[in-house]
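Chains as they are written, first to last, in our numbering: chain A, 288 to 534; chain B, 31 to 287. Even for Gly, the Cβ is constructed at its ideal location relative to N, Cα and C.
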Amino acid sequence: MGFIYHIGKYFLMLKKTLAKPESTKIYFNQIIKELDKLGLSSVGIVVIISFFIGAVITIQTGYNISTPFIPRYIIGMITRDSIILEFSSTIVSLILAGKVGSNIASELGSMRVSEQIDALEIMGINSASFLILPKIIASLLINPCLVIISMTIGIAGGWIGGTILTHVISVTDYVHGLQYYFQPYYITYTLIKTEVFAFIITTVSSYWGYYTVGGALEVGKASTKAVVYSTVLILLFNLLLTQLLLS
Amino acid sequence: MIELKNISKKFGGHQVLSDISAVFERGKTNLIIGQSGSGKTVLLKCIVGLFEVDMGEIIYDSVVFSRMKNRERKEIRKQIGMVFQGGALFDSITVEENVIYPLDMFTDLTLIQKIERANFCLDRVNITNANKLFPSELSGGMKKRVAIARAIAIKPKYLFFDEPNSGLDPQNAILIDKLIREITIEFNTTTIVNTHDMNSVIEIGDKIIFIDQGKKWWEGDKNNFLNSNNKELNDFIFATRLMQIVGESESNRKSGY
Chain A
288 MGFIYHIGKY FLMLKKTLAK PESTKIYFNQ IIKELDKLGL SSVGIVVIIS
338 FFIGAVITIQ TGYNISTPFI PRYIIGMITR DSIILEFSST IVSLILAGKV
388 GSNIASELGS MRVSEQIDAL EIMGINSASF LILPKIIASL LINPCLVIIS
438 MTIGIAGGWI GGTILTHVIS VTDYVHGLQY YFQPYYITYT LIKTEVFAFI
488 ITTVSSYWGY YTVGGALEVG KASTKAVVYS TVLILLFNLL LTQLLLS
Chain B
31 MIELKNISKK FGGHQVLSDI SAVFERGKTN LIIGQSGSGK TVLLKCIVGL
81 FEVDMGEIIY DSVVFSRMKN RERKEIRKQI GMVFQGGALF DSITVEENVI
131 YPLDMFTDLT LIQKIERANF CLDRVNITNA NKLFPSELSG GMKKRVAIAR
181 AIAIKPKYLF FDEPNSGLDP QNAILIDKLI REITIEFNTT TIVNTHDMNS
231 VIEIGDKIIF IDQGKKWWEG DKNNFLNSNN KELNDFIFAT RLMQIVGESE
281 SNRKSGY
């Protein structure tokens, strides 16, 4: 019953969130702030993780394909597909669920327990729309950019790790592998997944933060729940979307 | 004027407010007093519409607020200023931006006009040279005063204060009481203050209602609340030694000793 209660409350929050904004100018300013807070501040972590994962995928694949029956350029192809299909969208989204999700839940939770959300409501402002909608829009705009950066850096990491650092593959084979049987639809697929995951991260985290009751301890709990539920839902929707879009 | 008619509110199976009726007049400081957990914050939140009442009516100057839908309440909410217990200042923006916030939302004033209005409100609550500070850099008393400045920025008709003196030293508490009184008269607002501070009751209680366990037990003003025959009220008022001395001195004065 608790599960159904939360689903119902989540959709009621979405209904309130997607209402018409009171002041378009103020909302626009909020979106710009959220783009910075939720997106630009995550570029560093995305770049670092993507570079190293790209390098490790290439090196591990290289060491595991030692048979002469499989051409070496396959390493480049496997790196490309692993990064584009799964790593950049799903793993980066899971990382963002931890970083951005906990940030959103703790921010809204603190605002709730310190009565700042009540203060907005008293002023006649739709607090859900004012606080959550800019986060959703900002994430939907910036997360695909982060994923594209991740794909680029991951492939570059594979190049540097596989060719310059360990010599498991030559530059020619790596580049040939990157181009071999490339399907542009994979990019569309990964960007669709990213948009769904961005929506899950912002709305689920906002839900736990927005309805926090209590004090500092509950804010911490809300933050943890936001990360756990976002992560589980990302994995679930990853399975569903993969089956729907690739089968 | 705000009128409450037979207000009741339940949370789960727990009756928090039972059949409360009262009239709060314009230009007066109306106090809701009672001990912690008596239901006064719930009552205040029902009056401003943060909680929905289960039964009864809340009437703002002949408009039945409690029957209105959220969208319809916006016009009344734009005339409401509220100061929360902790101030509830937005901590990611400066003092000046906090005061400008409601003006940004609901007025077409230019930036210069908004800054002028913010400066006027901050001056009014005796806050100077703090425009660019963040709430975390302010003392408790200053936070309350900035919250008052934000509440009066949009020239409200109705002002609400939830425990305005909690956490303040006696001097700052007196300052806040004085400010509430002056603003109520100056802006001719209907002011409702939630408090259990006896000094506030003596200083600014134009009208007082006492609630305990969700029920209204007594109604009066600062001139007669020390001489009440109501046992529940007297237990609450004379719980401290200081108030017992005040009570004894008051009864001696009345009996001519």
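- In its chain, beyond the 5 residues on either side, Leu395 have a beta carbon closer than 6 Å to the beta carbon of A:Tyr497.
- One finds Gly411 in chain A with Cβ atoms closer than 7 Å to the Cβ of B:Lys104, taken in chain order.
- For the C-beta of B:Ala118, the chain A residues within less than 7 Å are, from N- to C-terminus, Ser401, Glu402, Gln403, Asp405 and Ala406.
- Residue burial annotation: B:Ala183 is buried, with at least 16 other C-beta atoms found within 10 angstroms of its C-beta.
- At a cut-off of 8 Å between C-beta atoms, B:Pro194 does not count as an interface residue with respect to chain A.
- At least one CB of chain B lies nearer than 8 Å to the CB of A:Ser310.
- Its chain contains Asp192, Glu193 and Ser196 as the residues whose beta carbon lies nearer than 7 Å to that of B:Gln115, once the 5 sequence neighbours on both sides are disregarded; these appear in chain order.
- A:Gly341 and B:Lys185 have their C-alpha atoms some 59 Å from each other.
- Residue environment analysis places B:Lys261 among the exposed positions, since fewer than 16 neighbouring C-beta atoms fall within 10 angstroms of its C-beta.
- Residues of the segment 300-333 of chain A with a C-beta less than 7 Å from any C-beta of chain B: Glu309, Ser310 and Ile313, listed in chain order.
- One alpha carbon belongs to A:Leu478, the other to A:Ser376, and they sit about 7 Å apart.
- Closest by C-alpha distance to B:Ser230, out of B:Ala203, B:Val93, B:Phe255 and B:Gln143, is B:Ala203.
- For B:Ile62, the closest of B:Thr221, B:Met273 and B:Ser166 by C-alpha to C-alpha distance is B:Thr221.
- Here B:Glu105 carries a helix assignment [DSSP, helix/strand/coil].
- Counted as a single uninterrupted DSSP element, the alpha helix (DSSP H) harbouring A:Ser380 occupies residues Val379 to Leu383.
- A:Leu433 sits close to A:Val333, with the two beta carbons spaced by under 8 Å.
- Within the segment 59-86 of chain B, Lys75, Val78, Gly79 and Leu80 place their CB atoms closer than 9 Å to a CB of chain A, listed in sequence order.
- If you draw a straight line from the Cα of B:Glu249 to the Cα of B:Gln243, it comes to about 15 Å.
- B:Asp138 sits exposed, since fewer than 16 C-beta atoms from the chains shown fall within 10 Å of its C-beta.
- Apart from sequence neighbours up to five positions away, the residues of its chain that approach A:Phe524 with a beta-carbon distance below 6 Å are Val483, ordered along the chain.
- Close CB contacts of A:Thr453 within its chain, under the 6 Å cut and outside five residues either way in sequence, are with Ile346 (chain order).
- Counting only runs of 4 or more residues that sit fully inside the segment 196-262 of chain B, the alpha helix (DSSP H) segments are 200-217 and 228-234, in chain order.
- Leaving aside the five residues that flank B:Asn161 on each side, the residues in its chain whose CB is nearer than 6 Å to its CB run, in chain order, Val125 and Glu126.
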